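Reading the sequence shown from the start, the letters are residues 434 to 633 in the working numbering. Glycine included, every Cβ here is placed at the ideal spot set by N, Cα and C. Because the structure is a prediction, the values reported are computed rather than measured.
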Amino acid sequence: MYRKFSEMSDTHQNGLEEKPLYEPSVLHDIDFNGCHCSTYNPEISHMSPGEGLVMRPLCRGDYDRGYIQLLSQLTTVGEISREEFDARYSSMEGCLDSYYITVVEDKETGQVIASGTLVKEQKFIHKCSARGRIEDIVVDSKYRGRQLGKLILDVLTILSKKVGCYKVSLECMDKLVPFYSQFGYKKEDKQNYMCRRYSD
Ligand code: 16G
């Protein structure tokens, strides 16, 4: 189904739909050697995540590839219009070297079927270093059991070191502690996760 040029959004008209949120070579050039990485059987990697699948940075066009629906398999997302998505995307894009949202697309269906976020938080401490936060890891229920969660976790963890974070952390439910422990994450002595919620 094609839309008339005049009906398309500005980003569509300017060809920005497929512009990646971050430089793809940052992802492509990561090195699995020498890291605390998982073993894969069958073998998959960021360059070859499975038959018909590609791993890449998020782009605006993913709004139409089910990205929002995918996130709603993790938690509450609510209705997000194209304009709201574009505005949030632009603000993330404007924070250079901060948002590394990485997705897996099934090229056959044209749908985004897994995603994870690395946020690089700039700091003054540790000699103007940065802290990495791994967020919003989700794999479409139809694609679970294909090692994609493991792959995304490995990729974002390696990426966090590569982009200069002195540490990387994540939050998860009790039942997922054994899963995340595989990647070298552990509860720190004398450090607690505390939270104040303003809405569900
Ligand atoms: C999980 C996610 C976190 C996400 C939260 C949403 C991982 C490792 N953790 O804890 O990133 O923001 O769920 O839950 O993906 P909430 O809507 O209850 O805050």
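Where residue 516 is concerned, the enclosing alpha helix (DSSP H) starts and stops at 515-527.
The criterion of a C-beta distance shorter than 9 Å is satisfied by residue 553 and residue 532. Taking a cut-off of 8 Å for Cβ pairs, the stretch 499-508 and the stretch 605-618 do not touch, as fewer than three such pairs fall below it. Bounds of any beta strand (DSSP E) do not take in residue 500; it lies within the alpha helix (DSSP H) bounded by 500-504.
In this structure, the C-beta of residue 535 stays at least 8 Å away from each heavy atom of the ligand 16G. By a beta-carbon distance limit of 8 Å, residue 565 contacts residue 600. Their separation comes to about 7 Å. Excluding five sequence positions before and after residue 451, the CB atoms of its chain that fall closer than 6 Å to its own CB belong to 492 and 494, given in chain order. If you look at residue 620, you'll find it isn't in any beta strand (DSSP E); DSSP assigns it neither H nor E. Relative to the Cα of residue 603, the nearest Cα in the group 597, 590 and 596 belongs to 590.
Taking C-beta separations shorter than 8 Å and ignoring five residues to either side along the sequence, the partners of residue 612 in its chain run 582 and 605, following chain order. In the structure shown, residue 585 adopts helical secondary structure according to DSSP, grouped into three states. Per DSSP, reduced to three states, the secondary structure at residue 550 is strand. Residue 580 sits buried, since 16 or more C-beta atoms from the chains shown fall within 10 Å of its C-beta. Contact fails between the stretch 471-487 and the stretch 510-530, because fewer than three Cβ pairs, one in each stretch, are under 8 Å apart. The beta carbon of residue 545 sits closer than 6 Å to those of 495, 498, 499, 500, 503, 536 and 538, all from its chain and outside the five residues before and after it, given in chain order. Taking 9 Å as the cut-off, the Cβ atoms of residue 485 and residue 556 do not count as close. Taken from the Cβ of residue 569, at least one heavy atom of the ligand 16G lies inside 8 Å. Bounds of the alpha helix (DSSP H) holding residue 613 are 610-614.
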